[in-house]
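Its first residue numbered 0, the sequence shown is counted upward by one per residue in numbering that gives the first Met the number 0. Even glycine gets a Cβ: it sits at the ideal position worked out from N, Cα and C. What you are looking at is a predicted structure, and each value in this text was computed from that prediction instead of being measured.
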Amino acid sequence: MSRRLSLLAVSLLGGTAFATPAFGQNAKPLIVPSPGEIAIHKIVVSATRTREASFNVPVSIYSISGRQVSFANAEENLSETLNRVPGIDVQNRQDYAQGLRITSRGFGAQTPFGVRNIRILVDGMPLTGPDGTTDSEVIDLGDISRIEVLTGPFSVLYGNASGGVIQVFSKNGPTRPTVGGSVIATSYGGWRVGATYGGTARWGSDGSFNYMMNASDFYTGGYRQHSAARRQQFYGKFRVQVSPNTSYTLLIDGLNEPYSEDPGGLTAAQYHANPRQAGTGADAFGTRKVLRHLQFGLVFKHRFNAQNSVRVVVYEATHSVLQFLPFTGSYAASGGGVVDLARKSGGIDASWTHRDEVAGVPVTLITGVDFGYEQQHRKGYVNEFGSIGALRRNEQDVARNVAEYAQVNAHVAKRTTLVVGLRHSNDYYSVTDNYVTSTLTNDSGSVSYGNTSFVAGATYHLTPTTNLYADYGEGFETPTLDQLAYLPNGLAGFNSALRPTTSQNFEAGIKSLIGADTYLQLAVFHIHTNNEIEVSSSKDGRTAYSNQGQTARNGVDVSLDTYLPHHVELYGSYSLLKAHFLANQFAGRSLPGVPDQRIYGELDWHDPSTGFYAQANGQWQSRMYVDSQNSAYAAGYFTAGIAGGFRQNLGPIRFNEFARINNLFNRTYVGAVVIAASNAAYYEPAQGRNFVIGMRARYRF
């Protein structure tokens, strides 16, 4: 592609390109790139920590646009859009007290709540703690610019993230002050109202102040009995560009979840009798969660010259959880049936970027230091059938991580790009037990881990529209504080015997623009792990872990994006993953919670002249086993949906009305499983046919 064509593609991505000939001159023809040509110029930063076209980096990385995130969706959670990415499986448990389970090439399937094995960031600010856990509900989807999803070996440069990296980028404020609002209604008595405000103002003589704020209030009555939830969120981004080379960005992320009821899992008999019922003990013990989260981040960027720049991210968060589990927890060593957790965390990520030439080879060097800490006060009380009873646990938990990383990007030849990286990390975890009696031992303990991870990848530019790539990385994942919290038998006590998981990740792939309108990405991979951390038991909301030897993951990820005439886009993705145990008592059996195959398809149409748009989508998924023995499974399923809407501009006001039907054929299926549930309550049913209807409006001053 010529430089002129590349610049024009970027212009078209940002808005509309204009060409106005001078009076009396012949107009030069406007060369408009095809949608496929624009696709290969999409810029990403997650893969190499610098701005690069995703087509050129030697990794599997996918970008979801803000339009796709909001396309007739309720904007409740990431399950609405992430399932279109090959290799990613988002299991919506219809349980806001436990949250989504997001897996990447099988990593993350073992977590009973929240997200594990995947690093999540918003505008460069980590939401993932130093032990590798994330509460995905703290992400506000109201004003998203794009989401980058990185799978494969290069995620090891982000620490406890061997499964992948998800980066969410919010929109910048528009050039003129703009206010917006939305009203959305959903099935089961649900609704969401939102408001946005943003703009740009001058700052001094040559600077600017850009701001964007989003607030929302969400409620659902829940598909299942005892699954209602309420959530209020705020996200703000305020950037001061003090000069062309220096900027400061303040990020504020707040969440108040006054209640989210926990319906729990169902046994096979309960599921077949009534998939909408709550699990055993949910009503009797008032299972629910109260969550509050507040996080601040400051991003400093400065460019010294064309060769050198720095970026520093400082962040701090407070996080509190009060959760009622479906049992009393009355006996002395139980740890209680009510969890009261107060957490404070934060950190700093400082990096320096240097661009130069070495022996005529263009080289970019990124070096940095990453520090994170987490302090939490964990208490446990007897669950007096929905009320807080006597104390049964009181401890102080600490997690710290210090890491140094370096990455080199080099165009070693005309057709070859090489990326090499190293990350050295030291992790420390400790528990101080303050609940010690004459009959209870002191369960205090601490562990330290250290590791150096290596990653390398190369891209070969076979033709101007086809790239081949290969990469290799060494993953390292420590246990989380929650995984260290219980002994393998499920009793309270520091699980100091739990060891980190290490992995060797191999990947090769192709990225190709076929013709002018079809973009193909294909990757094949092999992952070998040692000391895989698996669920040893799960009972009444308490999950214990142990190391289960070696595993292997072999698979293929494919995506195909085709732009057809009359503003029609056809997108499809396919994931094949054979994940199984190798050297332990479960050798040859499949990893639980990981489907072998997934197919996603989507057909989009829009008419720029009238503002109408429509979509049809479908997803098929194979069975998932519920335990390491593969003694039972959730059956595979197919589900489909349709959506449509109408956009119109009335002067300074822009309207967008839309509607969506999910699970169009009203299939009954299991959306997620509770792995190794000792009471056989494995199954968490997905919603039946459900509806979304709403309107968004914006006014530009």
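A residue is called buried once 16 or more other Cβ atoms fall within 10 Å of its Cβ, and residue 647, having fewer, is exposed.
Exclusion of the five residues before and after residue 545 leaves 487, 535 as the residues of its chain whose Cβ lies within less than 6 Å of its Cβ.
Here the C-alpha atom of residue 664 lies approximately 14 Å from the C-alpha atom of residue 642. Judged by DSSP in its simplified three-state form, residue 153 adopts helix. Relative to residue 673, the option among 591, 686, 271 whose CA is nearest is 591. In the DSSP assignment, residue 322 falls within the unbroken beta strand (DSSP E) covering 307-323. The segment 61-135 is shown to contain whole beta strand (DSSP E) runs of 3 or more residues at 87-90, 100-103, 117-121, in chain order. Rounded to the nearest whole angstrom, the CA to CA distance from residue 38 to residue 513 is 12 Å.
Note on the segment 522-566: whole beta strand (DSSP E) runs with a minimum of 3 residues are 532-538, 541-546, 550-563, in chain order. When the Cα atoms are used, residue 581 and residue 386 turn out to be separated by approximately 45 Å. Put simply, the segment 427-443 does not touch the segment 454-467. Fewer than three CB pairs are less than 8 Å apart. Annotated three-state conformation of residue 383 is coil, per DSSP. Partner residues in the beta bridge of residue 218, as assigned by DSSP, are 190, 229. Under a 10 Å Cβ-count criterion, residue 423 is classified as exposed, with fewer than 16 other Cβ atoms of the shown protein chains found around its own Cβ.
Nearest neighbour of residue 556 by Cα position, chosen from 263, 339, 687, 521, turns out to be 521.
Across the structure, residue 559 and residue 34 are spaced so that their CA atoms are roughly 13 Å apart. Here residue 358 carries a coil assignment [DSSP, helix/strand/coil]. Under the three-state reduction of DSSP, residue 270 is assigned to helix. Its chain contains 561, 563, 602 as the residues whose beta carbon lies nearer than 7 Å to that of residue 569, once the 5 sequence neighbours on both sides are disregarded; these appear in chain order. When beta bridges are read from the DSSP output, residue 418 appears opposite 408, 456. Under the three-state reduction of DSSP, residue 44 is assigned to coil, being neither helix nor strand.
Separation of residue 101 and residue 265 (C-alpha to C-alpha, rounded to the nearest whole angstrom) is 21 Å. Here residue 172 has 197, 198, 199, 209, 210, 211 as same chain residues with Cβ atoms under 6 Å from its own Cβ, once five neighbours each way along the sequence are excluded. If you ignore the 5 residues before and after residue 639, its C-beta comes within less than 6 Å of the C-beta of 617, 663, all in its own chain and listed in chain order. The C-alpha of residue 436 lies about 47 Å from the C-alpha of residue 150. For residue 49 and residue 301, the gap between their C-alpha atoms comes out near 14 Å.
The way I'd put it, the segment 340-357 doesn't touch the segment 410-423; fewer than three beta-carbon pairs between them come closer than 8 Å. For residue 267, same chain residues with a beta-carbon under 8 Å away, outside a window of 5 residues either side, are 631, 679, 681, 682 in chain order. Separation of the CB atoms of residue 453 and residue 473 is rounded to 5 Å, and the pair is thereby assigned contact status at 8 Å.
Listed in chain order, the beta strand (DSSP E) runs fully inside the segment 606-669 are 611-620, 636-649, 652-661, counting runs of at least 3 residues. In the assembly as shown, residue 182 is an exposed residue. Its beta-carbon has fewer than 16 other beta-carbons within 10 Å. Of all alpha-carbon atoms in 220, 346, 443, 154, the one lying nearest the alpha-carbon of residue 94 is that of 220.
For residue 284, the closest C-alpha among the options 247, 327, 135 is that of 327. In the pairwise beta carbon analysis, the segment 59-78 is classified as not touching the segment 126-133: fewer than three pairs are separated by under 8 Å. Residue 169 is positioned such that its CB atom lies closer than 7 Å to that of residue 236. For residue 37, the enclosing alpha helix (DSSP H) begins and ends at 34-38.
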